[in-house]
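Here is the structure we will look at.
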Amino acid sequence: MSRIGLLLLTVGVAAAQDRSTDYIEQYQKRALEIYRTSITYRTAASHGQVPALASYLADQFRAGGFADEDIHLLPFATSESEETAALVVRYRGDGSSGEKPILLVAHMDVVDALPEDWERDPFTLVEEDGYFFGRGTLDDKFGTTMLTSTFLRLKSEGFKPTRDLIIAFTGDEETEQATTRSLVTTFRDLTDSEFALNADAGGGVLDDSANAVSYLIQAAEKTYATFELTIRNPGGHSSLPRAENAIYELAQALLKIQAFRFPVRWNEITRRYFEVAGKARIGELGEAMRRFAANPDDQEAANILHGCPAQVGITRTTCVPTMLRGGHAENALPQSATATVNCRIFPGVEVSEVQAILQRVVENDQLQIEVLGDPVPGLASPLRQDVLAAVTAAVHAGHPGIPIVPYMSSYATDGLALRAAGIPTYGTMGLFIREDDEFAHGLNERVPVRSFYGALEFWHLLLTELATQ
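The letter at position 465 of the sequence shown is residue 470 when you use my numbering, and the numbering goes up by one with no holes.
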């Protein structure tokens, strides 16, 4: 069966029925070529390939009929003096809605992949066993491809939105997010908008049989903050051990952090998530989700959720050690030992409050706790009915009746900086995938082929709906 036949059977999108088979196939082929070419750029930190990818994508917009004055290729440099870039493209509307633009966000950079560790070349798009394999196939060249391809399709169809649509592709989401912050501050005139859709979050959940069971909309993120915990001692000869030992003291402090649980917290989004998602879960976990939604003070339910890595971060702040270093010679007592502790902080909780809690928990006045960098506070976006309705319509066109679930993510995306700058942001990537197939940042990253083509139709429907209101 051809891909268009598969698309019409599995997605069932009315808009596709209004176009010839040849038209849809040409659109899909163009999207696949953009996807394939994008994967070839090794846009990981230290490789300097983000500007090249940004230039390639800018050329696609020019070839698709976008004016030079609406394409902004912005050079940046990271704190390590590495060249990166951002790309902003404006799709001009007729202004009839009287509303500010809609911002559409994705990122061009990826976490690096070592070819020798992969089963396939990570920087070559490989289609195999019903999947597209390659670094960035999911995170987030999927998003840049969806948005680029949808803009090109709408432009070719002569679509005229009632407000401007703005694409903003960032260049260091996986590291510093400096391009994101600059786009909503220094270059705010290019990106100012009523709200944003983030193609790097949210999406559909498939069960083990590849049946769609729910669709998630990200409406909040936690604050990402990293602390360094350091103990310093006089040191000495390793043949003369003493009670003071920086490594032992640090280990004791980390064990106390491991045993500590931050207080349970909730907001409108997390309670809505547990209410809706809990209905689709069976067993003890599903019952705990439903009970927590009804009563967040239910300690037993909170304890059950604490034992589930996928759910604990939605109920409270979490802190976990991620790196260690200590000592200076194998035959010397350590003069210092340092642990890096990464925290994902619940919206509304200050970084300084978490720092004070950690200091109290370790019970060691000699242990120094330092905040690294300048953490951006995580905020929650209001649940806009127009966004929820448009996403629901686009999802249900292909997967009728599945629940639409707002949620708060425990990881960080460009949405963190957007919300902090006053732009409500909603993660909705359009992809449907099984939890067992999510290998972003890991080996053999992949997405289902069927979901790639379904997401193309999702974005076409979503933007058409939102930009004609």
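Cβ atoms here follow ideal geometry from the backbone N, Cα and C, with glycine treated the same way.
Backbone CA spacing between residue i and residue j [nearest angstrom]
i, j, result
"Gly-403", "Ile-438", "14 Å"
"Gly-435", "Trp-464", "7 Å"
"Ala-293", "Arg-237", "44 Å"
"Ile-107", "Arg-95", "10 Å"
"Met-113", "Gln-31", "24 Å"
"Glu-273", "Asn-203", "20 Å"
"Val-410", "Glu-249", "52 Å"
"Asp-134", "Arg-365", "52 Å"
"Thr-235", "Arg-321", "25 Å"
"Gly-283", "Ile-407", "13 Å"
"Ala-328", "Gln-304", "According to the sequence provided, residue 328 is Met. The question's Ala does not apply to it. Their backbone Cα atoms lie some 32 Å apart in a straight line."
"Pro-166", "Ile-172", "14 Å"
"Val-4", "Thr-397", "Residue coverage of the chain in this structure runs from 6 to 474, which leaves residue 4 outside it and unanswerable."
"Gly-378", "Tyr-46", "29 Å"
"Leu-421", "Ala-445", "19 Å"
"Tyr-253", "Arg-186", "40 Å"
"Ile-9", "Val-452", "Confidence at Ile-9 is low in this model, with a pLDDT of 34, below 50, so the placement of that residue should be treated as unreliable; the coordinate-derived value is given next. The straight-line gap from Cα to Cα measures roughly 18 Å."
"Gln-373", "Phe-267", "20 Å"
"Tyr-431", "Asp-419", "11 Å"
Beta-carbon separation (whole angstroms), residue i vs residue j, contact threshold 8 Å
i, j, result
"Thr-345", "Glu-233", "6 Å"
"Ile-319", "Tyr-278", "7 Å"
"Leu-78", "Phe-192", "With 8 Å as the limit, Leu-78 and Phe-192 do not qualify as a contact, their Cβ atoms being about 12 Å apart."
"Gly-207", "Thr-433", "4 Å"
"Ala-111", "Phe-174", "6 Å"
"Ala-49", "Leu-92", "With 8 Å as the limit, Ala-49 and Leu-92 do not qualify as a contact, their Cβ atoms being about 18 Å apart."
Assigned secondary structure, residue i (DSSP; H/G/I helix, E/B strand, else coil)
i, result
"Val-354", "coil"
"Glu-462", "helix"
"Glu-133", "strand"
"Gln-474", "coil"
"Tyr-46", "coil"
"Thr-185", "helix"
"Pro-453", "strand"
"Thr-26", "helix"
"Ile-309", "helix"
"Phe-444", "coil"
"Arg-128", "For the record, residue 128 in the displayed sequence is Phe; it is not Arg. In the structure shown, Phe-128 sits in coil (DSSP, three-state: anything other than H, G, I, E or B)."
"Pro-80", "strand"
"Pro-326", "strand"
"Ser-60", "helix"
"Met-434", "coil"
"Gly-208", "strand"
"Gly-420", "helix"
"Phe-138", "strand"
"Gln-31", "helix"
Limits of the unbroken beta strand (DSSP E) element including residue i
i, result
"Met-113", "Per DSSP, Met-113 belongs to no beta strand (DSSP E) and is neither H nor E."
"Phe-232", "228 to 237"
"Val-281", "Note, Val-281: premise wrong, no beta strand (DSSP E); alpha helix (DSSP H) at 273 to 284."
"Val-93", "88 to 96"
Where the alpha helix (DSSP H) containing residue i begins and where it ends
i, result
"Met-294", "288 to 299"
"Ala-256", "251 to 264"
"Leu-202", "No alpha helix (DSSP H) holds Leu-202; the beta strand (DSSP E) holding it covers 200 to 203."
"Ile-409", "Looking at the DSSP string, Ile-409 is not in any alpha helix (DSSP H); the run it does join, the beta strand (DSSP E), is 409 to 414."
"Ala-334", "No alpha helix (DSSP H) holds Ala-334; DSSP gives it neither H nor E."
"Leu-152", "146 to 161"
>> So within the region 358 to 389, which uninterrupted beta strand (DSSP E) runs reach at least 3 residues, ignoring any that extend past its ends?
In response: 373 to 377
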